[in-house]
Amino acid sequence: MKKELMDILVCPVCKGELELKVEEENGQEIVTGSLYCRKCEALYPIRETIPGLLPPDKRP
Ligand SMILES: [Zn+2]
Numbered sequence: 016m017k018k019e020l021m022d023i024l025v026c027p028v029c030k031g032e033l034e035l036k037v038e039e040e041n042g043q044e045i046v047t048g049s050l051y052c053r054k055c056e057a058l059y060p061i062r063e064t065i066p067g068l069l070p071p072d073k074r075p
């Protein structure tokens, strides 16, 4: 995902602000990392540039 997406991304559960943790990036693109919501303590993984924003209780 592009770093600019952080400006519009919010937690799908509580609409809180997300904190980005980058593990691997390629220019302006985040390849691997995670998005963390401080408000409800949900963690959303980023894998192969795709942010997985499914709420934790909706994951398979
Ligand atoms: Zn949240």
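Numbering (this note's numbering), first residue to last: 16 to 75.
Note that CB positions come from ideal geometry on N, CA and C, so glycine has one too.
None of these values were measured; they are calculated from a predicted model.
Run of the beta strand (DSSP E) containing Pro75, from where it starts to where it stops: The residue labelled residue 75 in the question sits at position 60 within the sequence shown. DSSP places Pro75 in no beta strand (DSSP E); its state is neither H nor E.
Following a CB-centred definition, is Gly31 positioned closer than 6 Å to any heavy atom of ligand 1? Within the sequence shown, numbered from 1, the residue matching residue 31 stands at position 16. It does: the Cβ of Gly31 is within 6 Å (strictly closer) of some heavy atom of ligand 1.
Check whether the Cβ of Lys18 lies closer than 6 Å to any heavy atom of ligand 1, and answer yes or no. Taking the first residue of the sequence shown as 1, we reach residue 18 at position 3. The answer is no for Lys18.
Along the beta strand (DSSP E) that carries Ile23, what are the first and last residues, could you check? Position 8 of the sequence shown holds residue 23. Here Ile23 belongs to no beta strand (DSSP E), and DSSP marks it neither H nor E.
Go ahead and pull the three-state DSSP assignment for Pro71. Taking the sequence shown and counting its residues from 1, the one referred to as residue 71 is at position 56. Here Pro71 sits in helix by DSSP.
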